[in-house]
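Going letter by letter, the sequence shown gives residues 1 to 180 in the working numbering.
Below is one structure; the comments refer to it alone.
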Amino acid sequence: MDIKTIIEGCKNNDRKSQERLYKEYFPSMIYMCMRYIHDKDRAAEIVNDGFLKVFKKIGQFEFRGSLEGWIRRIVFHSMSDNIKKNANYLKFMVFEEYDKRTGNEVMNKLYEEDILKLIDHIPPASGDVFVLFAVQGYSHKEIAEMRGISVGTSKWHLSEARKKLQSLIINNYSNQSHAG
């Protein structure tokens, strides 16, 4: 069965087509979620919620881009919604240096989804440490034990993630604080 046939089947609520699509893309979606949510059950719940949305919105997919990219965006938004629901807002203490330079206006506009999108642009190891520390509240000692690295390496990755995120925030959001 080719992908167009599977998509057409999904549009018609064909369970076999839905199952094929799910089995095809579940591994890459769970991998993406596990980069941010280090709890396999929660990550699987997020991916399943995402696929429910995929099946509801499959009629909107127009073959203009990658199906995997389209599914990834939907699952990513499900993950962001889950983080918002479970953690309210990120603790922005990690941005105190940035805050001093630009003020709070920009930071107040940044939500988890924005940060998670930016995290995709930093090296995975640093992004993982940032999420564990800033989003999930783990200590450097706990992160070091989970990742098999030293506490110093965990702190270095957090520092690198901060620097890169600060740069990305300045480049992507500073102009928004000046717009009315």
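For glycine and all other residues, C-beta sits at the position ideal for the given N, C-alpha and C.
- Task: Verify whether the separation of the beta carbon atoms of Val129 and Leu168 is less than 8 Å.
- Result: Within the sequence shown, residue 129 is the residue found at index 129, counting from 1. Within the sequence shown, residue 168 is the residue found at index 168, counting from 1. No, these two residues do not count as a Cβ contact at 8 Å.
- Task: Return the Cβ separation of Ile74 and Lys11 in integer angstroms, given the expectation that the two are a contact with Cβ distance under 8 Å.
- Result: Here the question's residue 74 lines up with position 74 in the sequence shown. Here the question's residue 11 lines up with position 11 in the sequence shown. Incorrect: roughly 15 Å between the Cβ atoms, too far for contact.
- Item | Spatial distance of Arg147 from Glu68 (CA atoms) | For this step, residue 147 is matched to residue 147 along the sequence shown. For this step, residue 68 is matched to residue 68 along the sequence shown. Roughly 28 Å separates the two Cα atoms.
- Evaluate Arg162 with the Cβ neighbour count: other Cβ atoms within 10 Å of its Cβ, from every protein chain shown; 16 or more gives buried, anything less gives exposed. On the sequence shown, position 162 is the one that residue 162 refers to. Arg162 comes out buried.
- Burial state of His121, where buried means 16 or more other Cβ atoms lie within 10 Å: Your numbering for residue 121 matches position 121 in the sequence shown. Exposed is the call here.
- Task: Would you please verify whether the beta carbon of Ile58 is less than 8 Å from any beta carbon of chain C?
- Result: Structure shown: chain C not included; a single protein chain is present.
- With burial defined as no fewer than 16 other Cβ atoms inside 10 Å of the residue's Cβ, what is the status of Ser1: buried or exposed? As a first step, residue 1 is located in the sequence shown; it is residue number 1 there, counting from the start. For the record, residue 1 in the displayed sequence is Met; it is not Ser. It is exposed - the Cβ of Met1 has fewer than 16 other Cβ atoms within 10 Å.
- Message: Relative to the C-alpha of Ser80, which candidate in Arg64, Phe61, Val47, Gly65 has its C-alpha closest?
- Response: Taking the sequence shown and counting its residues from 1, the one referred to as residue 80 is at position 80. Nearest of Arg64, Phe61, Val47, Gly65 to Ser80, Cα basis: Val47.
- When DSSP labels each residue in this structure, what does Asn13 get in the three-state scheme? Position 13 of the sequence shown, counted from the first residue, corresponds to residue 13. Residue state, collapsed to three classes: coil.
- Pairwise C-alpha distance: Ile7 and Ala43: Reading the sequence shown from its first residue, position 43 is the one you call residue 43. Reading the sequence shown from its first residue, position 7 is the one you call residue 7. Ala43 and Ile7: Cα-Cα distance of roughly 24 Å.
- Task: Would you mind stating whether Gly127 and Ile119 have Cβ atoms separated by less than 8 Å?
- Result: Within the sequence shown, residue 127 is the residue found at index 127, counting from 1. Within the sequence shown, residue 119 is the residue found at index 119, counting from 1. Yes, they are a contact pair.
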